[in-house]
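Protein chains in written order, with my numbering: chain B, 407 to 720; chain D, 407 to 720; chain L, 1223 to 1719; chain S, 859 to 1148.
No residue lacks a Cβ here, since even glycine has one placed at the ideal position from N, Cα and C.
Take a look at the structure below.
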Amino acid sequence: MNYLKRILKNKPLIVLIVASVVIALLNPRFLTWSNIVTVLRQTSINAVIATGMTFAILIGGIDLSVGSVLGLCGAVAATMVSSGMNVVLAVLIALLLGTFIGYLNGSLITTGGLQPFIATLGTVTLLRGAILVFTQGRPISTGKTPASEYFSEIGTGFIGPIPIPVYIMVLVFIVAYYILNHTRIGRYIYATGSNEEATMYSGIKTARVKRFVYAVSGMMAALAGILLTARLGSAQPTSGAGYELDAIAAVVLGGTSMVGGIGTIGGTAIGALIIGVLNNALNLMKVSSYYQDVAKGIVILIAVLLDRKQKSSR
Amino acid sequence: MNYLKRILKNKPLIVLIVASVVIALLNPRFLTWSNIVTVLRQTSINAVIATGMTFAILIGGIDLSVGSVLGLCGAVAATMVSSGMNVVLAVLIALLLGTFIGYLNGSLITTGGLQPFIATLGTVTLLRGAILVFTQGRPISTGKTPASEYFSEIGTGFIGPIPIPVYIMVLVFIVAYYILNHTRIGRYIYATGSNEEATMYSGIKTARVKRFVYAVSGMMAALAGILLTARLGSAQPTSGAGYELDAIAAVVLGGTSMVGGIGTIGGTAIGALIIGVLNNALNLMKVSSYYQDVAKGIVILIAVLLDRKQKSSR
Amino acid sequence: MKEIVVSMQHISKDFSGVKVLKDLSFNIYKGRVMALVGENGAGKSTLMKILTGVYLKTQGEIFLDNESVNFSDTSASQSKGIAIIHQELNLVKDLSIGENIFLGREPVSKGKRIMWNKLHKDAGYWLDKLGLKENPRELVKNISVGKQQLVEIAKALSIDAKVIIMDEPTGALTPAETDKLFDVISDLKKSGKSIVYISHRLHEIFEICDDVTVLRDGELIGEESIENLDEDKIIEMMVGRKLSEQYPRIETEQGEEILKVDNLSNEFVKDVSFSLKKGETLGVAGLMGSERTELMRSIYGIYPAKGSVYLNGEKIKINSPQDSLRHGIAYVTEDRKANGIITEMNVRENITLSSLELFKGTLGFMNKGKEEISSNEYIEKMSIKTSGTKQMLRFLSGGNQQKVSIAKSLMTNPKILILDEPTRGVDVGAKKEIYDLINKFKSEGMSIIMVSSDIPEVLGISDRIMVMHEGRVSGFLNSEEATQEIIMTLAVGKDVI
Amino acid sequence: ANTQDQPETEKPAENQEPAEEAKTIGLAISTLNNPFFVDLEAGAKAKAEELGATLVTLDSQDDSATEISNVEDLINQGVDLILINPTDSDAVKSSVEAANKAGIPVITLDRSANGGEVVSHIASDNVAGGKLAGEYIVELLGGKGNVVELEGVPGASAARERGEGFNAAIAESDIVVVAKQTANFDRAEGLTVMENILQAQPEIDAIFAHNDEMALGALEAIKASGREIIVVGFDATDDAKAAVESGEMAATVEQLPKEIGSLGVDTAIKLLNGESVEKSIPVALQLVKK
Ligand SMILES: Nc1ncnc2c1ncn2[C@@H]1O[C@H](COP(=O)(O)OP(=O)(O)OP(=O)(O)O)[C@@H](O)[C@H]1O
Ligand SMILES: Nc1ncnc2c1ncn2[C@@H]1O[C@H](COP(=O)(O)OP(=O)(O)OP(=O)(O)O)[C@@H](O)[C@H]1O
Ligand SMILES: [Mg+2]
Ligand SMILES: [Mg+2]
């Protein structure tokens, strides 16, 4: 009874469930196991990025650079793997690179005093250039070495009936949930997003909290880059372009407020799934490509309209 | 003496002047009359969009849909002109369409209660789809009728030694300056951006102010679409993609705060010129495509770092 | 013998060139309560912010237990045992009461996991101590401003600091809560803690303080033991001259009934009816949470409400502040910072914000010259202390910001002026000026509704008093019959007669 | 290392839709924002209608990840055959493999796949096209002069390959590339970048643009400058052909996208009807000139 109430209050969840039921009725293939697995795997990359983005948005910031971090770290990972480097090491280096770039973003915002939107916008341009310079404009194949076979498992492998990226996505959700809800830094993230000044007055170094958050966002983008590169067996110089928008959409669809301080990882998971299901369903139902964007725009707007915060009653 | 001081305090202006001097020293062609005219004409489109964006950012909002409004209105204008419609009428209809879309954005934000970022993000997706449906993915030529010749004057014509788009840009700046500084609605825009609640308590319908602002932004995007279509003699389905970022960059480079309430049209004009000069210089100096983005990212970051608001002195 | 815990020596502070503190020294003694008083903008809060590391001093030295210290941020001062309750509420509204109390000091297990139960239990202990009956898991945004103030106090107490600074802690408290706080302060004193107490309510100073330091315009005027002082003396030190009677209520001829509110109801208030005559001052008293603010906002058109409002006998419909102002009903809000003023705009722009249609010029241009003249008139009329019309509001002291907020409403030329806590956080001098203004408006035939938690003030200024309890009117009193006791009885919901 | 054991699922289509019924063919196209690919799709669609087959087109929006998602969705939809117009030859590998795994035949269009099993590849070669354009410029300029190269989206395969062919063709001549800048396949950028180059370069004899959109943008800039410069584009879009017709552009390389699409569907149906098909079906390139 109580659970039912909570579910009924969770608008994003209802959107997801209603949408899924409607789609399943229209197209029975939607609920086949293989299609569900497909949707989950397709969702995983956006979900991982969106998790980092949730952190950024919770502190009232935004990270527009995730797509380009994904691109750069994917390319770096591909290069290392193709050179036969130990896969674990290569993955770690790529993650570290993403974390470092995120940390730099955070420093631009805290030490540099820039607004997050413009700081990460600058980073995007810079990194897109860096990717081109690094890849010389060519895709980088992970090659055909044993290392690359092993690496590609990350993106294409299964454990039991479930693809590895799906495990990774779930793990990311769990860790993020734990951090946000059961650790101090998690509380400080909410506090900073809700009232930065009060948080600072409470003796918390909000600048440090912010740098942590952008570092997490960078790391998640790098992880997504690794997943994508492993899945495709190569890294494109244009990889990840525009992914920030999908991630932001997932976060907001999940009920997180762009003003900061309010939101949950569970919401983001649902938001990412809504987008994943939507993309899949539009394809399954053979909606003309020209109309897909129209449909997507409308669904996103309706979903956020449904979930809009009641205008504060006072 | 006093003037000099004011100029020295105007960091964006200094960035522009220093950059221009450096470029002129590196490449004497930069300061030729014909190149100056070229830069101004190229800047005009971004400048017009950025003017509308200044309004949106001043009230603490953002309009991500400008690129897609530009694309749609450009396509609609091209279709009308190629069908031989009266050019003035066609231009008016296109402007009205942009204004109307902007007004809808404003309504999503006020009546719908959505956050500007997500509301206009939804609109982008929807409009991009609409453009594809409308153009069927093909460029629309303005044709070779007398009407189209006349129309193309808007983008390609000169009055005296100065291109028409430059006049339009200057006119837009003047009108925007006038609105922001010498009319009530301008005052309300600053007030709403600084403290919406206090503005509302002062008896001002802030929702109306916001809808006005987004309508202006839409109209400016439409005007930019007309300029671009007239210049090219055709409208591309991808026209305007990513233009919102250039416009935002111009506004922020011009010293407008993304939090709202602080900023000037003069700043935006300088910001747009910085971007225009930068693009021109990178081409003049034959910077490799791969390095252009790197250079651009660095310049943008440095410029905003220089101009960052002093952290409230403690 | 007084034992010095904190000694601030030759402190100066500039804000972008403006000297706010001028070479002043300040002591805090062990086991004693030091009052810090002065007019608005005297520099009290600034001095305390320097002590706690929020601001960096321009010059001077700070000694804690005879050791020179230099705090670069709040966490540094906190770790050395200095806690502060800021003048402005500094709570994270989206977090719970408990989380707010222990923000930055959450108890964690070995696995670095926050121990939620312990946290909320500990929070409950402090709430009990202050007599606040709220669940520590409740979100701060869901409790009233007064309760939030208590949470802020609980937060400072829980730090177990040896020096606790309270910057106007009672601004939003009821007398009962204030008494509770004073009990706590006595306990703290007994256990050897030191307290700095900042307040504009001088009777409080005499109730709990041992010493008094007076500032004026960023300068130290003097430090005295309380025994050597009386209220007039302190006021004289603060303002540099003697003040005449504090509540100068004047009798005026009252005219026809101008406003009638009939059975106003909504989610906040129930069946509120009252009327107001021309030239009358109606005081509105009540405990915090009695929904006085909500009532005024409902009348002003912020919240929708059922029921009728009559102006000069004619029924009117108010759906927005705009409607309200058009009908000549203006409202000066209780929360200046949130919705009274625009800190990033200048004095002129703030004063004229509600009345820009007065400055229509040719071709749609605004007549800025006329605007300038008018705002200067109001600056003069209300003696607003500012360097000029172009001064940003955030650089004005609280009292002067309040006057700007009132000036903005006055410029709309209202027939009825609603003032919500007009003197909260305002110094004695400015308070007096505001009372004088109220009387002046009154004698010009304006009707005034004044909501206030300061009962002496309500008693002193009002012609008639309306008392509220939990969203309902619990009684009306004439100025002659009203006493503090009767008001309190009505405020807690008991019938007097 | 075959750990990618996709769980037992329905073998697509066959049992549900008897071979006699209309065939469903999936087309994962790299983008539908570009007239070239719009034409390719139009050709495929027309052919499908003619042959009574159903064509499901999904737009990869120039993103490899979207591409693989689309292919997966086509697999789950149970199409009989997938035509892939890859966004990138390397990245498409896993898409092809996914289809292989599901037992659905794959035909690649325009760009090849560097892995997986592809039944047939139908394309005209971008490198060859670039060469064609380069050779024509060499011919027009008599083997020497200054040319400008307007590059496509940096990192996009079409930009790479066309540039490669073009540069190979002029390598032997005395033609100098005086400016080489990206205009991102975009007409508006083609215009501004060319304007800027015109400012910097007093002598330009010819320009090669990696697509017609940029060529047409550059053409506007050249017209406004009043200079005489040979413009060669790529793709032979309608606008470009008109410009060639009117003599404003010297030439454009035609890849016959409609033909590619049409041949794709044709080959697909043949294959599904059990006929054998060629492994590689070249589509003629031609230079459209006046
Ligand atoms: N951050 C700041 N920037 C510039 N000026 C400031 C700043 N903070 C305070 N001031 C100025 O310093 C002076 C002292 O302010 P302060 O807040 O310390 O006064 P106060 O004695 O606490 O007054 P009140 O009784 O109204 O709280 C005022 O003139 C105020 O305008
Ligand atoms: N942000 C909020 N959201 C919902 N309810 C609130 C909020 N803030 C306060 N309340 C509730 O509104 C009621 C009125 O609060 P408030 O203390 O402002 O009343 P008041 O009579 O105006 O008292 P005062 O003017 O002394 O503050 C209280 O019951 C409080 O719990
Ligand atoms: Mg103070
Ligand atoms: Mg109140």
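With C-beta atoms as the reference, is residue i less than 7 Å away from residue j?
i: residue 558/D; j: residue 639/D; result: yes
i: residue 530/B; j: residue 476/B; result: no
i: residue 972/S; j: residue 947/S; result: yes
i: residue 576/B; j: residue 447/B; result: no
i: residue 631/B; j: residue 518/B; result: no
i: residue 1656/L; j: residue 1645/L; result: yes
i: residue 690/B; j: residue 433/B; result: yes
i: residue 960/S; j: residue 922/S; result: no
i: residue 904/S; j: residue 913/S; result: no
i: residue 1516/L; j: residue 1490/L; result: yes
i: residue 1024/S; j: residue 992/S; result: yes
i: residue 1276/L; j: residue 1313/L; result: no
i: residue 1709/L; j: residue 1507/L; result: yes
Mind listing the chain B neighbours of residue i? Cutoff is C-beta to C-beta under 7 Å, in chain order.
i: residue 697/D; result: 535, 539
i: residue 523/D; result: 664
i: residue 655/D; result: 527
i: residue 531/D; result: 699, 702, 703, 706
i: residue 624/D; result: Those within 7 Å of residue 624/D in chain B number zero; the least Cβ separation is about 16 Å.
Ignore the nearest five residues each way along the sequence and tell me which others in residue i's own chain have a CB closer than 7 Å to its CB.
i: residue 720/B; result: Confidence in residue 720/B is poor, its pLDDT being 29 and thus under 50, which makes the residue's placement too unreliable to answer from.
i: residue 1519/L; result: 1525
i: residue 1079/S; result: 1049, 1052, 1053, 1056
i: residue 1224/L; result: 1251, 1254
Whose C-beta lies closer than 6 Å to the C-beta of residue i among residues of the same chain, with five residues either side of it excluded?
i: residue 1249/L; result: 1226, 1229
i: residue 1331/L; result: 1337
i: residue 1285/L; result: 1229
i: residue 456/D; result: 653, 656, 657, 674, 678
i: residue 1537/L; result: 1530
i: residue 605/B; result: 597, 598, 612
Along chain S, in chain order, which residues have C-beta atoms closer than 9 Å to that of residue i?
i: residue 562/D; result: 1078, 1081, 1082
List, in order along the chain, the chain B residues whose C-beta lies closer than 8 Å to that of residue i?
i: residue 883/S; result: The premise fails here: residue 883/S is roughly 12 Å from chain B at the closest Cβ pair, so nothing lies under 8 Å.
i: residue 1296/L; result: 606, 607, 608, 609
Residue i touches chain D at which residues, Cβ-Cβ below 9 Å?
i: residue 1055/S; result: 689, 690, 692
i: residue 916/S; result: Within chain D, no residue comes near residue 916/S; the closest Cβ sits about 14 Å away, beyond 9 Å.
So which residues of chain L does residue i contact, with C-beta pairs closer than 7 Å?
i: residue 604/D; result: 1561, 1562, 1563, 1564
i: residue 667/D; result: 1566
Sorted by chain position, which residues of the same chain lie with C-beta nearer than 8 Å to residue i's C-beta, five sequence neighbours on each side aside?
i: residue 509/B; result: 617, 620, 621, 624
Let me know the secondary structure DSSP gives residue i once reduced to three states.
i: residue 1633/L; result: helix
i: residue 1700/L; result: strand
i: residue 866/S; result: Model confidence at residue 866/S stands at a pLDDT of 42, short of 50, so the residue's coordinates are unreliable; what they give is reported in the following sentence. If DSSP states are grouped into helix, strand and coil, residue 866/S belongs with coil.
i: residue 1140/S; result: strand
Does any CB atom of chain A fall closer than 7 Å to the CB of residue i?
i: residue 1316/L; result: Of the protein chains in the structure, B, D, L and S, none is chain A.
I want to verify the contact list: residues of chain D whose CB lies under 7 Å from the CB of residue i, in sequence order.
i: residue 475/B; result: What residue 475/B touches in chain D: nothing, since even the nearest Cβ is about 13 Å away.
- Below 7 Å from a heavy atom of ligand 3 - residues by beta-carbon: 1266/L, 1267/L, 1309/L, 1389/L, 1390/L, 1420/L, 1620/L
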